[in-house]
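The listed protein sequences correspond, in order, to chains A and B.
For the first sequence, the positions run 11 to 745 when this note's numbering is used.
For the second sequence, the positions run 2 to 210 when this note's numbering is used.
Input: a single structure, listed below in structure tokens.
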Amino acid sequence: MTSVGTDVDRVDGPEKTTGRARYSADRVLPDMAYAHVVLSTIGKGRIRAMNTDAAAGAPGVLRVYTPFQPLKLYPPPPGYGETYAVLQDRDIRFRGQVIGLVVARTFEQAREAAALVTTEYDAQQPSTSLAAGSPGVTAPDQGQGAPPAKFAVLAPGVTSIDQALAASEVTVQGTYTQGSQHHVAMEPHATVAVWQDGHLTAYCGAQMPQVHAVSLAAQLGVEADRVRVLSPYVGGAFGSRVATWPDIALASAAALDLDRPVKLVLAREQVFTMVGHRPAVSQTVRLGASADGVLNAVSHKSDVAMPMPTVGSWVMVPAQDTSGALYKTPNLAIDQRVVPLDMPPTWAMRGPNEAPGGFAIETAMDELAVSLRMDPLRLRLRNYATTAAGTGRPWSSKHLRECYETGAERFGWSSRPRSGTVDGQWLVGTGMATAIYPAARFPAAVRVRFRDDGTAVVASATADIGTGAVTLLSICGSDALGIPLSRVEPRLGDSALPPGAPAVGSAGAGSTAPVIRSAAQAAITALIDLAVTHPDSPFYGMTADQVRYHDGYLDAGAGRSMGFARLLKLTGTAGVEATANGGPGPEAGQYAFHSFGAHFCEVRGNRFTGEPRVSRFTTVVDIGTVVNAQATRSQIVGSVIFGIGHALLEVDPLEDSGRLAAGNLGDYLVPVNADIPDIDVHWLDIPDTVYSPFGARGVGELATVGSAAAIGNAIHDATGIRVRDLPITLDKLLG
Amino acid sequence: MASRSPSTPPHRDGLSRRGFIGRTGAVVAGTAAASAPLDTARAAPQSAPAQQGENLVAVALTVNGRSVRLMADPRWTLLDTLRERLSLTGTKKGCDRGQCGACTVHVEGRRVLSCLTLTASVDGEHVTTVEGLSDGEHLHPMQRAFIAHDGFQCGYCTSGQIMSAVALVGEGHADTDDDIKEYMSGNICRCGAYPFIRDAIKDAREEMR
Ligand code: FES
Ligand code: FES
Numbered sequence: 011m012t013s014v015g016t017d018v019d020r021v022d023g024p025e026k027t028t029g030r031a032r033y034s035a036d037r038v039l040p041d042m043a044y045a046h047v048v049l050s051t052i053g054k055g056r057i058r059a060m061n062t063d064a065a066a067g068a069p070g071v072l073r074v075y076t077p078f079q080p081l082k083l084y085p086p087p088p089g090y091g092e093t094y095a096v097l098q099d100r101d102i103r104f105r106g107q108v109i110g111l112v113v114a115r116t117f118e119q120a121r122e123a124a125a126l127v128t129t130e131y132d133a134q135q136p137s138t139s140l141a142a143g144s145p146g147v148t149a150p151d152q153g154q155g156a157p158p159a160k161f162a163v164l165a166p167g168v169t170s171i172d173q174a175l176a177a178s179e180v181t182v183q184g185t186y187t188q189g190s191q192h193h194v195a196m197e198p199h200a201t202v203a204v205w206q207d208g209h210l211t212a213y214c215g216a217q218m219p220q221v222h223a224v225s226l227a228a229q230l231g232v233e234a235d236r237v238r239v240l241s242p243y244v245g246g247a248f249g250s251r252v253a254t255w256p257d258i259a260l261a262s263a264a265a266l267d268l269d270r271p272v273k274l275v276l277a278r279e280q281v282f283t284m285v286g287h288r289p290a291v292s293q294t295v296r297l298g299a300s301a302d303g304v305l306n307a308v309s310h311k312s313d314v315a316m317p318m319p320t321v322g323s324w325v326m327v328p329a330q331d332t333s334g335a336l337y338k339t340p341n342l343a344i345d346q347r348v349v350p351l352d353m354p355p356t357w358a359m360r361g362p363n364e365a366p367g368g369f370a371i372e373t374a375m376d377e378l379a380v381s382l383r384m385d386p387l388r389l390r391l392r393n394y395a396t397t398a399a400g401t402g403r404p405w406s407s408k409h410l411r412e413c414y415e416t417g418a419e420r421f422g423w424s425s426r427p428r429s430g431t432v433d434g435q436w437l438v439g440t441g442m443a444t445a446i447y448p449a450a451r452f453p454a455a456v457r458v459r460f461r462d463d464g465t466a467v468v469a470s471a472t473a474d475i476g477t478g479a480v481t482l483l484s485i486c487g488s489d490a491l492g493i494p495l496s497r498v499e500p501r502l503g504d505s506a507l508p509p510g511a512p513a514v515g516s517a518g519a520g521s522t523a524p525v526i527r528s529a530a531q532a533a534i535t536a537l538i539d540l541a542v543t544h545p546d547s548p549f550y551g552m553t554a555d556q557v558r559y560h561d562g563y564l565d566a567g568a569g570r571s572m573g574f575a576r577l578l579k580l581t582g583t584a585g586v587e588a589t590a591n592g593g594p595g596p597e598a599g600q601y602a603f604h605s606f607g608a609h610f611c612e613v614r615g616n617r618f619t620g621e622p623r624v625s626r627f628t629t630v631v632d633i634g635t636v637v638n639a640q641a642t643r644s645q646i647v648g649s650v651i652f653g654i655g656h657a658l659l660e661v662d663p664l665e666d667s668g669r670l671a672a673g674n675l676g677d678y679l680v681p682v683n684a685d686i687p688d689i690d691v692h693w694l695d696i697p698d699t700v701y702s703p704f705g706a707r708g709v710g711e712l713a714t715v716g717s718a719a720a721i722g723n724a725i726h727d728a729t730g731i732r733v734r735d736l737p738i739t740l741d742k743l744l745g
Numbered sequence: 002m003a004s005r006s007p008s009t010p011p012h013r014d015g016l017s018r019r020g021f022i023g024r025t026g027a028v029v030a031g032t033a034a035a036s037a038p039l040d041t042a043r044a045a046p047q048s049a050p051a052q053q054g055e056n057l058v059a060v061a062l063t064v065n066g067r068s069v070r071l072m073a074d075p076r077w078t079l080l081d082t083l084r085e086r087l088s089l090t091g092t093k094k095g096c097d098r099g100q101c102g103a104c105t106v107h108v109e110g111r112r113v114l115s116c117l118t119l120t121a122s123v124d125g126e127h128v129t130t131v132e133g134l135s136d137g138e139h140l141h142p143m144q145r146a147f148i149a150h151d152g153f154q155c156g157y158c159t160s161g162q163i164m165s166a167v168a169l170v171g172e173g174h175a176d177t178d179d180d181i182k183e184y185m186s187g188n189i190c191r192c193g194a195y196p197f198i199r200d201a202i203k204d205a206r207e208e209m210r
């Protein structure tokens, strides 16, 4: 009996609840030294001089590295992170850039000595205003078959989107803004680096261990086969552990230079500038429709803050997979731009394009519904798309309509309180929005090994960043081999394993699950081959097709059956294994691939203080096959909570000085327990067998998209106030 | 800072040790991992690499039912002592400044943020960490409930959540949903396991009574 689709407790639950799970910084090695970074305190300029005497002479200090006495480092390969290497020049690119590294015998000594380093700068005025720099320049092409950053699809005879809007009976326009946001994975970025015989082992959180290893090797200037990244437990990521940030290379280079293990754990405040964040963005959406709510034109422009090319970053394109895919419209124009500023690096953060983009389009749709005096759900259904805009491709599988209907039913949408209902000191309102997220599929390799103790190993260099990937390996391995979960040993988080799917783009599960099946099949074939060719095997001399594998047994009929452990022992074989590769096929060019969902929520706004509270939330998603019901529920709930933070709490203002003003957990607010109601979650569980034979598209980010809009729409319903600048804090509701 | 004699721990009044003592007997086996560094510390505190520091003061405390004597740098927080000197890395550092709750442990049965607690200030006191909750493979009801309700994802905040949750029940703050929400709000979970943490607490509180 398979456990696919059921509630399976995480196989690493006992480790994680007892403190035995070892995250990167949990390595305590003999003779290990501790490092602490020194960061720039100006937003732009050049270092004139640094005084490290006091630091170097402080108790316990082993070495102080600066641009004047650097560790030799090279930039990561293009696309793997920043475009420069720290400590190699005296330029200050942003406030909070690494300008020094102090290594001492203890953590306390390193931290104290780091504070003794003094720096003189030739400072320049950084440019930090997104508004002043807008409109920016067209975002660089994303490559890999992605649509261009700027494109328009116009009906015959229509010459511009402006013309289409002007010809529409009803139009709405809104500009939606949000400041910088941070992933705030609970584990601060940390590295423990150990060299032995010219080979490095780096313990560091990685969403793609092999990519980390390749990037780290390049930064150190050594061959990739000398670097192994171990990342069995990762304390959250949300995109923050895709690129290699400078801590990993710094710790590794210092460990080599000092010939001893080095631990470098970033202080929480340092994470805010050393690790790329989600940049500020301003978006303008214009919608044109007929009086009965049929869309005629959709225009979505975005201006995204991004660091200078001398820093490098990932580029946000918020419109293409939101406004570009959500609704049926004869006229569509997407214009995604960037505004280079003197700011810390940026990177993808959970729903990287789609969460900001979804807030813009799904709020604009609500504004259109209000101006049409139409139920916002009916407006969505009226403009339901069955083929993707631009390409005209059908979706591999799309059941958004059922999400809307089921969600409305579960929430009680048709009997919702009327707008602005008063309940004591609270104004009550409801809102809804659509979720959409592209379903990518990555190449992945998986190895399955039968062992003579009756267990099987399922191994792939992917990562479990809290998604439940390690449990997924067990579930899918158990399913494909017909043996209990307890007899599967899952392995991941190690760059030495077969190249796994990156834990990014919500595609880890979808990319890995089908390949586990193929690898299991290949291992079974190898096992049968051993059975019929080894002279000590009872199946010796038979042909392969006379022996069948089921549930851990080889079976040749007529009572001739044997468990694989016994066969391996009889033949003196420790294990039999096979590795399979899988990835997207020709379907990739024929269909559009997205996951979908619908959010419904109730928000209460305090009549006297303005405080908004989310009181009810229902989310229904269409994600294909579900592997682990329990982990899926957790991912969806966690995504909605990310959306609640996005809507109501999170912003880190970039000051004129180039300083991110809220770089700690007291000033950068993320949701806490008291902010979160119970969240009702449901999925349709309709396999998408075009996406992969297994049919699971993945779920990690989808429900983050649209949740902020649903909340903002509910706040408008409750209070009559439309807040277009996130987060929606009480001051904006006191009008 | 004056060093106290480890043999004369300060008296503390008004604290219930009931919850703590109830578990003390169960934790001895669970601390085997910490025994090596502790023994080293006892033999030669100055020369053991893990014990280096400045202006060392003698500190004696009980961690998970086991007595520990060490020469502590006055700057050492309880968190860094547990993690870097006693190899008890189950307690996590999320912020090092009292803003996240990942470092929550029990001192004399009360939950405290070990990142804001100096090691020298808990001289003579009883400390329980997440490693001290379970008896080998036999998990504490709260640990079992966290697994059964999926009260975590990445697991990084989990030690702190569980230590807070156990204390919450003892404090009498686990009786209503509103209480649980409020009194668990010092423990951030970025993965967003909050509803499932509440479910776990409601489940475990019955067994803990
Ligand atoms: S590490 Fe102590 S509260 Fe965050
Ligand atoms: S489980 Fe990841 S932060 Fe709570």
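We put the beta carbon where it would ideally sit given N, CA and C, even for glycine.
Keep in mind that this is a model prediction, so the values were computed, not measured.
| Item | Value |
| --- | --- |
| Boundaries of the alpha helix (DSSP H) in which GLY400(A) is found, first to last residue | Element bounds for GLY400(A): n/a, residue is neither H nor E. |
| Residue span of the alpha helix (DSSP H) that contains LEU72(A), given as start and end | It is not in any alpha helix (DSSP H) - LEU72(A) instead sits in the beta strand (DSSP E) that spans 71-75. |
| Under 9 Å (Cβ pairs) to chain B, residues found in the region 625-652 of chain A | GLN640, ALA641, ARG643, SER644, GLN645, VAL647, GLY648, SER649, VAL650, ILE651, PHE652 |
| PRO101(B) Cβ short of 7 Å to ligand 1 heavy atom set | Note that residue 101(B) is Cys in the sequence shown, not Pro. True, at least one ligand heavy atom lies under 7 Å from that Cβ. |
| Three-state class that DSSP yields for ASN723(A) in the structure shown | helix |
| Among THR62(A), PHE78(A), GLN183(A), nearest to VAL71(A) - alpha-carbon criterion | THR62(A) |
| Length of the line joining the Cα atoms of VAL438(A) and THR431(A) | 5 Å |
| Stretch pair the region 30-44 of chain A + the region 192-209 of chain A: three plus CB contacts closer than 8 Å | yes |
| Check: PHE153(B) C-beta below 7 Å from any heavy atom of ligand 2 | yes |
| 8 Å contact criterion, which GLY286(A) and PRO328(A) should meet: CB distance rounded | Rounded, the Cβ-Cβ distance is 16 Å, inconsistent with contact. |
| Rounded separation between THR294(A) and PRO703(A) - CA only | 40 Å |
| Residues of its chain near GLN220(A), where Cβ-Cβ distance is below 7 Å and the 5 sequence neighbours each way are ignored | ALA471, SER505, PRO509 |
| Distance between PRO494(A) and ARG558(A) (C-alpha atoms, nearest Å) | 19 Å |
| First through last residue of the alpha helix (DSSP H) which encompasses VAL527(A) | Looking at the sequence itself, residue 527(A) is Arg, so the reference to Val does not match. Start and end: 518-543. |
| Sufficient close CB pairs (3 or more, under 8 Å) joining the region 264-272 of chain A to the region 488-503 of chain A | no |
| Range covered by the alpha helix (DSSP H) that runs through ASP376(A) | 364-382 |
| Minimum Cβ-Cβ distance from MET196(A) to chain B less than 8 Å | yes |
| PRO596(A) versus GLU92(A), VAL325(A), VAL700(A), residue with shortest Cα-Cα distance | VAL700(A) |
| Where LYS82(A) falls, given that 16 or more other Cβ within 10 Å makes a residue buried | exposed |
| Within chain B, the residues that LYS408(A) reaches when beta carbons sit closer than 7 Å | Within 7 Å Cβ-Cβ: nothing; LYS408(A) doesn't reach chain B, min ~27 Å. |
| LYS94(B) Cβ short of 7 Å to ligand 1 heavy atom set | yes |
| C-beta neighbour in chain A for ALA35(B), strict 8 Å | Reliability fails at ALA35(B), whose pLDDT of 33 lies under 50, so the model's placement of it is uncertain and the value that follows must be treated cautiously. False, the Cβ-Cβ gap to chain A never drops below 8 Å. |
| Three or more C-beta pairs below 8 Å linking the region 38-45 of chain A and the region 106-123 of chain A | yes |
| Selection from ASP741(A), ALA713(A), ALA253(A), ASN591(A) that minimises the alpha carbon distance to PRO622(A) | ASP741(A) |
| Rounded distance between the beta-carbons of ILE102(A) and SER50(A), thought under 8 Å | 5 Å |
| HIS141(B), buried or exposed, once every other Cβ within 10 Å from all chains shown has been counted against 16 | buried |
| ILE202(B) at chain A interface by Cβ criterion, 8 Å | no |
| Candidates TRP77(B), CYS101(B), GLY161(B), LEU134(B): closest to GLU279(A) by CA position | CYS101(B) |
| Contact test: MET326(A) Cβ vs ligand 2 heavy atom, cutoff 7 Å | no |
| Per-residue DSSP class, three states only, for THR92(B) | coil |
| Cβ neighbours of ALA529(A) in the same chain (closer than 7 Å, five flanking residues each side left out) | VAL456, ARG457, VAL458, ALA588, THR589, ALA590 |
| Straight-line gap, ASP178(B) to PRO687(A) (C-alpha atoms, nearest Å) | 10 Å |
| Neighbour flag for THR32(B) against chain A, beta carbons, 8 Å | Because the pLDDT of THR32(B) is 29, which lies under 50, any placement of that residue in the model is unreliable, and the question is left without a value. |
| heavy atom of ligand 2 below 7 Å from GLY705(A) C-beta | no |
| CB contact check: ASN3(A) to chain B, cutoff 8 Å | Look at the range of chain A in this structure, 11 to 745, and you will see that residue 3(A) is not part of it. |
| Residues that THR211(B) bridges to, as DSSP identifies them | The requested residue 211(B) does not occur in the structure, where chain B is confined to residues 2 to 210. |
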